[in-house]
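In our numbering, the protein residues as written are 2 to 191.
Beneath this line is the structure, given in C-alpha coordinates, with notes to follow.
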Amino acid sequence: MKGRSVIVTGVPGVGKTTVVTGALQILDQEGIIYKTLNFGTYMFDVAQKEGIVKDRDEMRRLDKDVQKRLQKRAAQEMAKEEGNVLIDTHASVKTPKGYLAGLPEWVLRELMPDTIILVETDEDQILLRRMTDETRTRDLEGSYSIGEHQQFNRSIAAAYSMMTGCTIKYITNADHLLEKAVEDMAAILR
(Lines of atoms letter the chains of each structure in order from A and count residues from 1; the text may use other names and numbers.)
(Lines give C-alpha, C1' and ligand atoms only; values in the text may rest on other atoms or scores of the structure.)
Protein backbone atom coordinates (compact mmCIF):
# COMPACT_ATOMS: atom_id res chain seq x y z
CA MET A 1 0.00 0.00 0.00
CA LYS A 2 1.28 3.45 -0.88
CA GLY A 3 -0.22 6.49 0.80
CA ARG A 4 -1.87 6.62 4.19
CA SER A 5 -3.62 3.54 5.58
CA VAL A 6 -6.30 4.09 8.25
CA ILE A 7 -8.50 1.42 9.80
CA VAL A 8 -11.85 2.45 11.31
CA THR A 9 -13.57 0.03 13.67
CA GLY A 10 -16.54 -0.13 16.00
CA VAL A 11 -19.12 -2.59 17.25
CA PRO A 12 -22.14 -3.23 15.04
CA GLY A 13 -24.64 -0.38 15.36
CA VAL A 14 -22.21 2.29 16.58
CA GLY A 15 -22.53 4.24 13.32
CA LYS A 16 -18.96 4.05 12.08
CA THR A 17 -19.94 3.98 8.41
CA THR A 18 -22.13 7.07 8.88
CA VAL A 19 -19.26 8.94 10.57
CA VAL A 20 -16.79 7.86 7.87
CA THR A 21 -19.13 8.93 5.05
CA GLY A 22 -19.58 12.40 6.54
CA ALA A 23 -15.85 12.89 7.15
CA LEU A 24 -14.92 11.79 3.64
CA GLN A 25 -17.41 14.27 2.16
CA ILE A 26 -15.71 17.11 4.04
CA LEU A 27 -12.24 15.95 3.01
CA ASP A 28 -13.31 15.52 -0.62
CA GLN A 29 -14.27 19.23 -0.69
CA GLU A 30 -10.78 20.01 0.62
CA GLY A 31 -9.12 17.91 -2.09
CA ILE A 32 -8.06 15.13 0.30
CA ILE A 33 -9.05 11.82 -1.23
CA TYR A 34 -9.36 8.45 0.49
CA LYS A 35 -10.48 5.25 -1.13
CA THR A 36 -12.88 3.47 1.22
CA LEU A 37 -12.60 -0.30 1.49
CA ASN A 38 -14.98 -2.41 3.54
CA PHE A 39 -13.18 -5.45 4.90
CA GLY A 40 -16.43 -7.38 5.37
CA THR A 41 -17.39 -6.73 1.75
CA TYR A 42 -14.08 -8.12 0.55
CA MET A 43 -14.54 -11.21 2.74
CA PHE A 44 -18.19 -11.57 1.69
CA ASP A 45 -17.28 -11.37 -2.01
CA VAL A 46 -14.77 -14.20 -1.58
CA ALA A 47 -17.26 -16.28 0.45
CA GLN A 48 -20.02 -15.74 -2.11
CA LYS A 49 -17.75 -16.79 -4.97
CA GLU A 50 -17.08 -19.98 -3.01
CA GLY A 51 -20.82 -20.45 -2.38
CA ILE A 52 -20.55 -20.67 1.41
CA VAL A 53 -22.88 -17.76 2.43
CA LYS A 54 -26.00 -16.05 1.13
CA ASP A 55 -25.89 -12.83 3.19
CA ARG A 56 -23.36 -10.83 5.22
CA ASP A 57 -24.92 -11.66 8.57
CA GLU A 58 -24.01 -15.34 8.08
CA MET A 59 -20.31 -14.46 8.01
CA ARG A 60 -19.86 -14.30 11.80
CA ARG A 61 -21.27 -17.81 12.17
CA LEU A 62 -18.72 -19.44 9.86
CA ASP A 63 -16.13 -21.82 11.24
CA LYS A 64 -13.09 -19.90 12.52
CA ASP A 65 -10.74 -21.62 10.05
CA VAL A 66 -12.97 -20.53 7.17
CA GLN A 67 -13.07 -16.99 8.57
CA LYS A 68 -9.27 -16.93 8.87
CA ARG A 69 -8.86 -17.99 5.25
CA LEU A 70 -11.34 -15.35 4.07
CA GLN A 71 -9.59 -12.68 6.17
CA LYS A 72 -6.23 -13.49 4.62
CA ARG A 73 -7.54 -13.41 1.06
CA ALA A 74 -9.37 -10.11 1.69
CA ALA A 75 -6.25 -8.49 3.20
CA GLN A 76 -4.11 -9.58 0.25
CA GLU A 77 -6.54 -7.94 -2.17
CA MET A 78 -6.76 -4.74 -0.10
CA ALA A 79 -2.97 -4.42 0.16
CA LYS A 80 -2.82 -3.93 -3.60
CA GLU A 81 -4.64 -0.58 -3.34
CA GLU A 82 -2.62 2.61 -3.75
CA GLY A 83 -3.13 6.11 -2.39
CA ASN A 84 -4.85 7.01 0.87
CA VAL A 85 -6.94 4.06 1.99
CA LEU A 86 -9.57 3.92 4.72
CA ILE A 87 -10.58 0.42 5.78
CA ASP A 88 -13.99 0.07 7.43
CA THR A 89 -13.98 -3.09 9.56
CA HIS A 90 -14.46 -4.60 13.01
CA ALA A 91 -11.62 -4.88 15.54
CA SER A 92 -13.21 -8.11 16.69
CA VAL A 93 -16.14 -10.29 15.73
CA LYS A 94 -18.37 -11.79 18.38
CA THR A 95 -18.98 -15.41 17.40
CA PRO A 96 -20.89 -18.19 19.20
CA LYS A 97 -17.52 -19.58 20.38
CA GLY A 98 -16.05 -16.25 21.54
CA TYR A 99 -14.37 -13.17 20.13
CA LEU A 100 -12.42 -13.53 16.90
CA ALA A 101 -9.74 -10.97 16.07
CA GLY A 102 -10.92 -8.89 13.13
CA LEU A 103 -7.33 -7.97 12.32
CA PRO A 104 -5.13 -10.92 13.19
CA GLU A 105 -1.39 -10.91 12.54
CA TRP A 106 -1.65 -12.13 8.94
CA VAL A 107 -4.09 -9.32 8.13
CA LEU A 108 -2.07 -6.62 9.88
CA ARG A 109 1.12 -7.71 8.11
CA GLU A 110 -0.60 -7.09 4.79
CA LEU A 111 -2.28 -3.79 5.71
CA MET A 112 0.25 -2.12 8.07
CA PRO A 113 -2.05 0.75 9.14
CA ASP A 114 -0.76 4.17 10.16
CA THR A 115 -3.75 4.73 12.48
CA ILE A 116 -6.62 2.72 13.94
CA ILE A 117 -9.74 4.68 14.87
CA LEU A 118 -12.31 3.17 17.23
CA VAL A 119 -15.80 4.68 16.95
CA GLU A 120 -17.65 4.22 20.22
CA THR A 121 -20.67 5.46 22.16
CA ASP A 122 -22.90 4.59 25.09
CA GLU A 123 -24.03 0.95 25.06
CA ASP A 124 -27.71 1.89 25.48
CA GLN A 125 -27.54 4.10 22.39
CA ILE A 126 -26.06 1.24 20.37
CA LEU A 127 -28.73 -1.15 21.64
CA LEU A 128 -31.49 1.23 20.59
CA ARG A 129 -29.90 1.76 17.16
CA ARG A 130 -29.71 -2.00 16.64
CA MET A 131 -33.31 -2.52 17.67
CA THR A 132 -34.55 0.07 15.17
CA ASP A 133 -32.33 -1.00 12.24
CA GLU A 134 -34.56 -3.11 10.02
CA THR A 135 -31.90 -3.47 7.30
CA ARG A 136 -29.79 -5.97 9.27
CA THR A 137 -30.26 -9.23 11.16
CA ARG A 138 -28.37 -8.70 14.39
CA ASP A 139 -27.79 -11.03 17.32
CA LEU A 140 -29.80 -10.15 20.40
CA GLU A 141 -27.65 -8.89 23.25
CA GLY A 142 -27.98 -6.38 26.06
CA SER A 143 -26.13 -3.23 27.01
CA TYR A 144 -23.67 -5.09 29.25
CA SER A 145 -22.64 -7.39 26.40
CA ILE A 146 -22.22 -4.44 24.02
CA GLY A 147 -20.05 -2.67 26.60
CA GLU A 148 -17.93 -5.78 27.02
CA HIS A 149 -17.44 -5.93 23.25
CA GLN A 150 -16.37 -2.26 23.12
CA GLN A 151 -13.89 -2.87 25.96
CA PHE A 152 -12.51 -5.93 24.18
CA ASN A 153 -12.07 -3.80 21.04
CA ARG A 154 -9.99 -1.28 23.02
CA SER A 155 -7.81 -4.07 24.36
CA ILE A 156 -7.27 -5.74 21.03
CA ALA A 157 -6.58 -2.37 19.33
CA ALA A 158 -3.70 -1.90 21.78
CA ALA A 159 -2.32 -5.27 20.68
CA TYR A 160 -2.68 -4.25 17.03
CA SER A 161 -0.73 -1.07 17.79
CA MET A 162 2.04 -3.09 19.43
CA MET A 163 2.32 -5.25 16.31
CA THR A 164 2.34 -2.43 13.75
CA GLY A 165 3.51 0.71 15.56
CA CYS A 166 0.32 2.53 14.53
CA THR A 167 -1.50 5.11 16.63
CA ILE A 168 -4.94 4.57 18.19
CA LYS A 169 -7.66 7.23 18.35
CA TYR A 170 -11.15 7.10 19.88
CA ILE A 171 -14.13 8.99 18.46
CA THR A 172 -17.46 9.19 20.28
CA ASN A 173 -20.54 9.02 18.03
CA ALA A 174 -23.16 10.04 20.58
CA ASP A 175 -26.79 10.62 19.72
CA HIS A 176 -27.42 14.18 18.48
CA LEU A 177 -23.65 14.82 18.16
CA LEU A 178 -22.99 13.24 14.76
CA GLU A 179 -21.48 16.47 13.39
CA LYS A 180 -18.84 16.50 16.14
CA ALA A 181 -17.94 12.87 15.45
CA VAL A 182 -17.68 13.62 11.71
CA GLU A 183 -15.42 16.65 12.36
CA ASP A 184 -13.25 14.61 14.74
CA MET A 185 -12.87 11.91 12.08
CA ALA A 186 -12.03 14.46 9.37
CA ALA A 187 -9.37 16.04 11.62
CA ILE A 188 -7.65 12.70 12.15
CA LEU A 189 -7.73 11.86 8.44
CA ARG A 190 -6.23 15.21 7.42
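Quick reminder that beta carbons are idealized off the backbone N, C-alpha and C, glycines included.
Quantities reported herein were computed from a predicted structural model and do not represent experimental measurements.
- By alpha-carbon distance to A102, the top candidate from R57, D123, E124, H150 is H150.
- Per DSSP, A48 lies in no beta strand (DSSP E); the unbroken alpha helix (DSSP H) holding it starts and ends at 40-50.
- The beta carbon of T173 lies closer than 7 Å to those of E121, T122, A182 in the same chain, with the five residues before and after it left out.
- Under the three-state reduction of DSSP output, E121 falls in the strand class.
- In terms of Cα proximity to D185, the closest of V9, R5, K3 is V9.
- With 16 or more other Cβ atoms from the protein chains shown falling within 10 Å of its own Cβ, T165 counts as buried.
- Per DSSP, A80 lies in no beta strand (DSSP E) segment and is marked neither H nor E.
- The three-state secondary structure of T90, taken from DSSP, is coil.
- Here T96 is near K65, since their CB atoms are less than 9 Å apart.
- Counting only the Cα atoms, K17 lies some 25 Å from K98.
- Listed in chain order, the non-local C-beta contacts of A175 below 6 Å within the same chain comprise T122, local neighbours out to five positions each way being set aside.
- Nearest in C-alpha terms to E124, of all of S144, L87, E51, is S144.
- Pairing D115 with S6, the inter-Cα distance amounts to about 5 Å.
- Under the 10 Å beta carbon count, D89 is surrounded by 16 or more other beta carbons and is classified as buried.
- If you draw a straight line from the Cα of A48 to the Cα of Y100, it comes to about 20 Å.
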